[in-house]
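Just add 3 to the spot in the sequence shown (first one is 1) and you have my numbering.
Each residue gets a CB set at the ideal place from its N, CA and C atoms; glycine is no exception.
Source: prediction; values computed, not measured.
Step one of this worksheet: look at the structure below.
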Amino acid sequence: MIRYGKYICFMTLFIMGLGPVDFVHTGEFNSLPAKQSAIVESELNLLVQQYLLSADTGQSKSLLKEILGHKAMTVSSIETSLKEGRLYPPEPSTGSLHKSIQVAGYKMSYALYVPKDYDPKVAYPLVVCLHGAGFVGDSYIDRWQTRLGKDAILVCPTIGMGAWWSQEGEMLVMDTIDAISSQYHIDPDKVFLTGMSNGGIGVYLIGMFHADRLAAISPMASGIPEEVFPFLKNFSLTGIYIIHGAHDQVMPVRLSQEVSEYLKKEDILFTYREHGKEHPRAGGHFFPREELPALVNWFKAQGRIADPARVISVADRNHHAPYYWTEINQIKGKVADVQKSILSNEEVELVKSGAYASLSAELEGNEIRVTTERVRQFTLFFNQRLIDFSKSIHVVTNGEKKFEGRLVESPEFLLKEAKRRGDGISFYTASVTIDLDEIPTLKQ
């Protein structure tokens, strides 16, 4: 997660522009005059934003205490601040930019295009484009920008030889999204991941473990090994647009055809485009300009599903983080590592044998039915859009009732969970943790 401490000073100055805060010690918050109410709300929002950005444990604890004791504090006001209260630099750099970023201690870079008439009050879609071998992020800016125009922000990170299947490649993509979201007003429900050739492989292998943060993906002229197909189930709620050349001699078109067949078998919605064009130098292994307008229009129609009633999560050894309103906390048995399976025959055999963890959770009213494989412990997260807090919830796991009881919304839990995830889109006010080997414990 990107650390944003340097922005706290900016936010403080921004809030100070509202004028001095006139503290009122008596009466209800809602009875304050409109101007004073706005000032108090801004004060609470500043505290919430500072809490989210603080990397200091002691400071975070102090800010949390201050927020929970604030006169304007309610679950609703905090959630509003989390969703709408983020502050952005009023005049950031625009146009074609080249920026560096520290990832796991290494200096890396990305090319960025921000519309020249960028307005920080407007939430912009973000298109993340991954290059192929022999290219860099800057190579992709011109082609994409001319079609996106002023309607979106475009970022193209660079990694040596297009090694997006590596852990460093995954970190670069996610850290870049976080960095841009801290500097520019990005619509969290409109983040798209696309890539060509090796970049398309990265779209699959990175996207499948972060699909809950993406509105849609578009892998081009690429594919993935059949043994990792089960992880494509993570795209059940994510738009998929596959493009491949029929005459591709570098990445045979059958790779995308096989992915499509698997998606169809699993009833996962997708769009498949197979073009017959050839390039003078690249043959069929390229992305025709003529295909871009339709893809851009398709992107515009896509949006992230915030609170789905059904979630399917397939995890490997290193990817069992929060996923929508579920989280696999502990796995059991020997589980494969997908990133290592690209290079390790041992890991390939583990994946082929089905050595991965999976969790399927479905809500119907206040009843949650969960099915798991190779999972020892998991957590379910809730908000008012998912359940009715005035009634008990019932959690049935693998056919056995594991929890029954009422949950209580907690502003403290809401803040801590928002800070832990750091994605700016996942807001939950209560949770229950189920240990399949023990009695479940309630977390609020």
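Residue i, DSSP secondary structure in three states
| i | result |
| --- | --- |
| residue 440 | coil |
| residue 230 | helix |
| residue 260 | helix |
| residue 245 | strand |
| residue 380 | strand |
| residue 427 | coil |
| residue 296 | helix |
| residue 392 | coil |
| residue 48 | helix |
| residue 211 | coil |
| residue 386 | coil |
| residue 252 | coil |
| residue 137 | coil |
| residue 217 | coil |
| residue 336 | coil |
| residue 110 | strand |
| residue 327 | coil |
| residue 363 | strand |
For residue i, the first and last residue of its enclosing beta strand (DSSP E)
| i | result |
| --- | --- |
| residue 414 | It is not in any beta strand (DSSP E) - residue 414 instead sits in the alpha helix (DSSP H) that spans 414 to 424. |
| residue 192 | 189 to 199 |
| residue 70 | Segment 60 to 71 is the alpha helix (DSSP H) holding residue 70; no beta strand (DSSP E) there. |
| residue 356 | Note, residue 356: premise wrong, no beta strand (DSSP E); not H, not E. |
| residue 345 | Neither: residue 345 is in no beta strand (DSSP E) and is coded neither H nor E. |
| residue 148 | Unbroken run through residue 148 is the alpha helix (DSSP H), 141 to 151; no beta strand (DSSP E). |
| residue 277 | 274 to 278 |
| residue 315 | 313 to 318 |
| residue 157 | 156 to 161 |
| residue 105 | 98 to 106 |
CB contact flag (residue i, residue j, <8 Å)
| i | j | result |
| --- | --- | --- |
| residue 353 | residue 337 | yes |
| residue 91 | residue 188 | yes |
| residue 282 | residue 273 | no |
| residue 424 | residue 296 | no |
| residue 421 | residue 55 | yes |
| residue 66 | residue 57 | yes |
| residue 219 | residue 203 | no |
| residue 116 | residue 175 | no |
| residue 312 | residue 365 | yes |
| residue 210 | residue 217 | yes |
| residue 129 | residue 167 | no |
| residue 375 | residue 400 | yes |
| residue 427 | residue 233 | no |
| residue 246 | residue 276 | yes |
| residue 395 | residue 372 | no |
Assigned exposure category for residue i - 16 Cβ within 10 Å defines buried
| i | result |
| --- | --- |
| residue 125 | exposed |
| residue 193 | buried |
| residue 89 | buried |
| residue 369 | buried |
| residue 146 | exposed |
| residue 155 | buried |
| residue 448 | Because the chain is modelled from 4 through 447, residue 448 falls outside the range shown and cannot be assessed. |
| residue 198 | buried |
| residue 160 | buried |
| residue 101 | exposed |
| residue 304 | exposed |
| residue 182 | buried |
| residue 164 | exposed |
Length of the line joining the Cα atoms of residue i and residue j
| i | j | result |
| --- | --- | --- |
| residue 343 | residue 239 | 24 Å |
| residue 433 | residue 384 | 6 Å |
| residue 243 | residue 231 | 17 Å |
| residue 173 | residue 207 | 11 Å |
| residue 139 | residue 205 | 14 Å |
| residue 42 | residue 387 | 27 Å |
| residue 341 | residue 171 | 14 Å |
| residue 152 | residue 302 | 14 Å |
| residue 162 | residue 72 | 46 Å |
| residue 323 | residue 330 | 7 Å |
| residue 415 | residue 327 | 19 Å |
| residue 356 | residue 339 | 9 Å |
| residue 19 | residue 111 | Caution applies to residue 19, whose pLDDT of 37 falls short of 50 and renders its modelled position unreliable; the value that the coordinates give is listed next. Each residue's Cα considered, the two are about 35 Å apart. |
| residue 377 | residue 318 | 10 Å |
| residue 84 | residue 78 | 10 Å |
| residue 349 | residue 439 | 29 Å |
| residue 185 | residue 391 | 33 Å |
| residue 215 | residue 221 | 15 Å |
| residue 404 | residue 333 | 20 Å |
| residue 96 | residue 120 | 11 Å |
| residue 127 | residue 196 | 15 Å |
| residue 178 | residue 360 | 25 Å |
| residue 431 | residue 398 | 17 Å |
Where the alpha helix (DSSP H) containing residue i begins and where it ends
| i | result |
| --- | --- |
| residue 450 | In the structure as shown, the chain begins at 4 and stops at 447. Residue 450 is therefore absent and cannot be evaluated. |
| residue 403 | Segment 403 to 408 is the beta strand (DSSP E) holding residue 403; no alpha helix (DSSP H) there. |
| residue 81 | 78 to 87 |
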